[in-house]
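Below is one structure, written out as structure tokens, with a few remarks after it.
Protein chains in written order, with this note's numbering: chain A, 19 to 504; chain B, 387 to 594.
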């Protein structure tokens, strides 16, 4: 009796465990060990994806021994992986080595024998030769220092007929290309970036944004008088919000457009040449609620192999795209946990890792790749290099970790196509909804099949024709014999 | 009779003027209705198969949103709307067609959509991206053919002139819009009435 009761109890316990297990197990399986992220499917649905990056460290100014940061605005990682933080509130540049140890602090420089300082600088750029360019906003100038932080030149407010008489030069972001041309993003300038030559003379504007005209506004403007019109809001192009430059000298820029393309890749003529061949044009979140609206991108960072990342200040997320415009991964967010921010303001890559600067908190968050992120990055790189065999292996590995990553199948398909396995290639292209490549693989496959069965098919056709002709002839002669005619 | 069921529709679509004359004056209503229902069924089946089995290059479809029943509805409802709207207009405008004639003539006009599109379900699986223009061209031909048959059918059934038929067809489309609007209005009002009655019922139940 007791034994049977005991047995009953174990069974009951087991059942409870099983029930609990299923109810607990479901979200665990969904979340994955590395924490969950998301991606967008071809159909525009949000699909789960493993996290590609995870926050590992958090540094503030005091930890680094440089004193607390006060409203830092920008940071830049030089070619030797040293980190330059622009501590705007304290008018200084804090330089860290790649292990986040304080290297030095620059709060003044010598110009013509006179010591000089910054005033609320907003933007910072470090060239491959470790030259430092600072958008010294409060002093209305751009300061160019060499790698030993000695003054080289200053770009003052330019004089040009392109500019209005009361123009105030307020540079906020700045980059320099290999030919020492400086591109400056200044507040209140709607004509694009200001381009200065190596001597610091203003040459032209580059890459103005398009004006968006609200049809309703336009209608009211048309029917109002001149006096009324002058009171109305002017149609002006949106300002850029940030820029970066890649190894080939192309400018990558973000703007505050609500409509249209908010990420641009500008060539020397200022034309937008960003490839938008992904399932959606790169723009941050494509699914959002009406009241929060689309992403507002405030920083962009270009890595190698045309991979670029943008920072959405509205939701604190960092989106990464490959050169074809395929959405690779997203991480970050607003909140209080490690890996979340209050007012993210700048992102930079340091090797494969990311650092994100939080303006209000004065903190730097370090994100490191997960196994998934590493594999995906490497896969995209191999693919970009044209190393299709390597890309095939890495993409296959990626797909094993995240079956929802649709564009990876196209990478696998291309390698298979190269190998001559057309049928498998077709399957993979179909999975990544890539009609163009599917068609290519299909044509080759069709040719192969037709060639294989050509003998058989032709034999059947010829035999059928012969039999048909024979029967007709026989019937005709039979009819003639019976004397039936038509 | 049995052979005619297959032969006559094909005769009609290539000789529409004679065919529709035959349909109105020589063929029995039962015969026409049999063919009509068969055409509607075949069109629904064609659309369903096409959504599921057409080649990847001409048919990007989301299996999560595929609904066979809706495909049937997309065939039957527009046809019924068209017939009702057309009948309502033509009875006021001296049309000679009865409702059943309008219905059968419309269904006969749908035949090209089946005849052309059905083989393309399978053919579209063996074409490349460059060859898809043939697919789209055939589709366009099928639609134009359908419109032409619809026009001839309407003209013959009502004994209208060509210009008047075109006018009536345009008006029919407008009338279909009105019907859809009134239908939606009706549904929303009925919903509100039902909600109202159920609230009153709840009120009574709670009080007692």
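The beta carbon of each residue, even a glycine, is placed where N, CA and C say it ideally should be.
Is it a yes or a no for the stretch 238 to 248 of chain A touching the stretch 261 to 272 of chain A, going by three-plus beta-carbon pairs under 8 Å? no
If you pair each beta-carbon of the stretch 297 to 317 of chain A with each one of the stretch 61 to 72 of chain A, do three or more pairs fall below 8 Å? As far as the Cβ criterion goes, the stretch 297 to 317 of chain A touches the stretch 61 to 72 of chain A, which means the pair count is three or higher.
Please check if any C-beta of chain B sits within less than 8 Å of the C-beta of residue 450 of chain A. Against the first chain, residue 450 of chain A aligns to sequence position 432. No, residue 450 of chain A does not count as interfacial toward chain B.
Classify residue 277 of chain A: buried if its beta carbon has 16 or more other beta carbons within 10 angstroms, exposed otherwise. For the purposes of this step, residue 277 of chain A is taken as residue 259 along the first chain, with counting starting at 1. Exposed is the call here.
Report the partner residues of residue 383 of chain A according to the DSSP bridge assignment. The residue you call residue 383 of chain A lines up with position 365 of the first chain. According to DSSP, which records beta bridges pairwise, residue 383 of chain A is partnered with A/76 and A/374.
Look at the Cβ atom of residue 70 of chain A, then the Cβ atom of residue 59 of chain A, and state whether they are nearer than 8 Å. Residue mapping note: residue 70 of chain A aligns to position 52 of the first chain, counting from 1. Residue mapping note: residue 59 of chain A aligns to position 41 of the first chain, counting from 1. No, Cβ-Cβ distance for residue 70 of chain A and residue 59 of chain A is not below 8 Å.
Thinking C-beta only, is residue 540 of chain B closer than 8 Å to residue 555 of chain B? For this step, residue 555 of chain B is matched to residue 169 along the second chain. For this step, residue 540 of chain B is matched to residue 154 along the second chain. With contacts defined as CB atoms closer than 8 Å, residue 555 of chain B and residue 540 of chain B qualify as a contacting pair.
Near residue 433 of chain A, what residues of its chain come up, given a Cβ to Cβ distance below 7 Å and the 5 sequence neighbours on each side ignored? Within the first chain, numbered from 1, the residue matching residue 433 of chain A stands at position 415. Counting only Cβ-Cβ distances below 7 Å, and skipping sequence neighbours, we find 406, 407, 409 and 410.
Given 8 Å as the limit, is there contact between the stretch 171 to 190 of chain A and the stretch 224 to 240 of chain A, that is, 3 or more CB pairs closer than that? Output reads no: the stretch 224 to 240 of chain A does not touch the stretch 171 to 190 of chain A.
What did DSSP end up calling residue 475 of chain A once you bin it into helix, strand or coil? Translated into positions along the first chain, residue 475 of chain A becomes position 457. Three-state DSSP puts residue 475 of chain A in a helix.
Under 9 Å (Cβ pairs) to chain B, residues found in the stretch 432 to 463 of chain A: 444, 447, 448, 451, 453, 454, 456, 457, 458, 460 and 461
Using only CA atoms, which one of A/376, A/136 and A/455 lies nearest to residue 91 of chain A? Taking the first residue of the first chain as position 1, residue 91 of chain A is located at position 73. Here the closest residue by C-alpha is A/376.
Would you verify that the beta carbon of residue 443 of chain B is, or is not, closer than 8 Å to some beta carbon of chain A? On the second chain, position 57 is the one that residue 443 of chain B refers to. Answer yes: the Cβ-Cβ gap between residue 443 of chain B and chain A drops below 8 Å somewhere.
Work out the CA separation of residue 68 of chain A and residue 40 of chain A for me, nearest whole Å. For the purposes of this step, residue 40 of chain A is taken as the residue at position 22 of the first chain. For the purposes of this step, residue 68 of chain A is taken as the residue at position 50 of the first chain. Any reading at residue 40 of chain A needs caution, since the residue's pLDDT is 43, under 50, leaving its predicted position unreliable; the model's value is listed next. Counting only the Cα atoms, residue 68 of chain A lies some 22 Å from residue 40 of chain A.
Taking the alpha-carbon positions, what's the residue 505 of chain B to residue 489 of chain B distance? Position 119 of the second chain holds residue 505 of chain B. Position 103 of the second chain holds residue 489 of chain B. So the two alpha carbons sit approximately 26 Å from each other.
Return helix, strand or coil for residue 271 of chain A, following the three-state DSSP convention. In the first chain, residue 271 of chain A corresponds to position 253, counting from 1. Strand at residue 271 of chain A.
Backbone secondary structure at residue 344 of chain A - three-state DSSP: Position 326 of the first chain, counted from the first residue, corresponds to residue 344 of chain A. Of the three classes helix, strand and coil, the one that applies to residue 344 of chain A here is coil, per DSSP.
Just list the alpha helix (DSSP H) runs in the stretch 437 to 470 of chain B, keeping only unbroken ones of 4 residues or longer that don't cross its boundaries, in chain order. none
Any beta carbon from chain A within less than 8 Å of residue 503 of chain B's own beta carbon? Locating residue 503 of chain B in the second chain gives position 117, counting from the first residue. Answer no: the Cβ-Cβ gap between residue 503 of chain B and chain A never drops below 8 Å.
From the beta carbon of residue 514 of chain B, is the nearest beta carbon of chain A less than 8 Å away? Within the second chain, the letter at position 128 stands for residue 514 of chain B. With 8 Å as the cut-off, residue 514 of chain B counts as an interface residue toward chain A.
With three or more C-beta pairs closer than 8 Å as the rule, is the stretch 487 to 495 of chain A touching the stretch 470 to 479 of chain A? Cβ pair count under 8 Å is below three, so no.
Alpha carbon to alpha carbon, how far is residue 397 of chain B from residue 405 of chain B? Give it in angstroms, no decimals. Here residue 405 of chain B refers to the residue found at position 19 of the second chain. Here residue 397 of chain B refers to the residue found at position 11 of the second chain. Those two C-alpha atoms are separated by around 7 Å.
Helix or strand or just coil, what does DSSP make of residue 252 of chain A? Along the first chain, one-based indexing puts residue 252 of chain A at 234. Correct three-state label for residue 252 of chain A: coil.
I think residue 175 of chain A touches residue 158 of chain A, with their Cβ atoms under 8 Å apart; what is that distance to the nearest whole Å? For this step, residue 175 of chain A is matched to residue 157 along the first chain. For this step, residue 158 of chain A is matched to residue 140 along the first chain. The Cβ separation is near 6 Å, so the contact holds.
Return no unless some Cβ of chain A is closer than 8 Å to the Cβ of residue 456 of chain B. Along the second chain, read from residue 1 onward, the residue named residue 456 of chain B stands at position 70. Not one chain A Cβ lies under 8 Å of residue 456 of chain B.
Spell out whether any CB of chain A is found under 8 Å from the CB atom of residue 446 of chain B. In the second chain, the residue the question calls residue 446 of chain B occupies position 60. By this cut-off, residue 446 of chain B is an interface position.
Jot down the residue ranges of each uninterrupted beta strand (DSSP E) in the stretch 78 to 119 of chain A, minimum 3 residues, whole runs only, in chain order. 92 to 95, 101 to 105 and 110 to 114
Helix or strand or just coil, what does DSSP make of residue 211 of chain A? Position 193 of the first chain, counted from the start, is the residue given in the question as residue 211 of chain A. Looking at residue 211 of chain A - three-state DSSP - the assignment turns out to be strand.
Counting beta carbon pairs with one atom in the stretch 100 to 120 of chain A and one in the stretch 139 to 152 of chain A, are three or more of them shorter than 8 Å? yes
Beta-carbon gap between residue 213 of chain A and residue 201 of chain A smaller than 8 Å: Start at 1 with the first residue of the first chain, and residue 213 of chain A comes out as number 195. Start at 1 with the first residue of the first chain, and residue 201 of chain A comes out as number 183. For residue 213 of chain A and residue 201 of chain A, yes; Cβs fall inside 8 Å.
May I have a chain-ordered list of the beta strand (DSSP E) segments no shorter than 3 residues that lie completely inside the stretch 133 to 171 of chain A? Here the runs fully enclosed are 141 to 144, 150 to 154 and 159 to 163.
Which of helix, strand or coil does DSSP assign to residue 283 of chain A? Along the first chain, read from residue 1 onward, the residue named residue 283 of chain A stands at position 265. Correct three-state label for residue 283 of chain A: strand.
Looking at residue 99 of chain A and residue 291 of chain A, is the spacing between their C-beta atoms short of 8 Å? Your numbering for residue 291 of chain A matches position 273 in the first chain. Your numbering for residue 99 of chain A matches position 81 in the first chain. No, these two residues do not count as a Cβ contact at 8 Å.
State yes or no: is the beta carbon of residue 238 of chain A nearer than 8 Å to at least one beta carbon in chain B? What you label residue 238 of chain A is simply residue 220 of the first chain in a count that begins at 1. No, residue 238 of chain A lies away from the interface with chain B (no Cβ there is under 8 Å from its Cβ).
Of all the residues that make up the stretch 52 to 70 of chain A, which are near chain B by a beta-carbon distance shorter than 7 Å? 61
Is it the case that the stretch 560 to 577 of chain B contacts the stretch 505 to 520 of chain B, given that we only count it when at least three CB pairs across the two stretches are under 8 Å? no
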